Amino acid sequence: MNTQEKLAVLEDIMELDEGTLKPETRLDDVEEWDSLAALSFVVLLGDEFNRKISGKDIRAFERVQDMLDVMEPEG
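The sequence shown runs 2 to 76 under my numbering.
Here it is in structure tokens:
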């Protein structure tokens, strides 16, 4: 999954229009980044990437790039 595809998935989770998110977007500036979106992100990581993440890690996210980083395959 490339960066554009990942951004599209994140936009879908947050119910945003296509092209809204950029890696440098601050999550504090995205009203739709809420607890429901965070829960959906946790499920996405488990289902699509076989990864687990803690609430503490999610709360540390500052930019969309932080989300993209944890969507990278482990290795």
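Ideal Cβ positions, reconstructed from N, Cα and C, are used throughout, including at glycine.
Given the structure is predicted, the values throughout are model-derived calculations rather than measurements.
Q. In this structure, does DSSP put Arg64 in helix, strand or coil?
A. Residue 64 sits at position 63 when you count from the first residue of the sequence shown. Strand, per DSSP.
Q | Below-8 Å beta-carbon distance, Pro24 vs any chain C residue | A | The chain labelled as chain C is not found in the depicted structure, where only one protein chain is given.
(Q) By the DSSP assignment, the alpha helix (DSSP H) with Leu40 in it spans what residues? (A) Taking the sequence shown and counting its residues from 1, the one referred to as residue 40 is at position 39. Leu40 -> alpha helix (DSSP H) spans 36-50.
Q | Nearest residue (CA-CA) to Asp30, options Leu17, Val71, Leu40, Ser41 | A | For the purposes of this step, residue 30 is taken as residue 29 along the sequence shown, with counting starting at 1. Cα-wise, what sits closest to Asp30 is Leu17.
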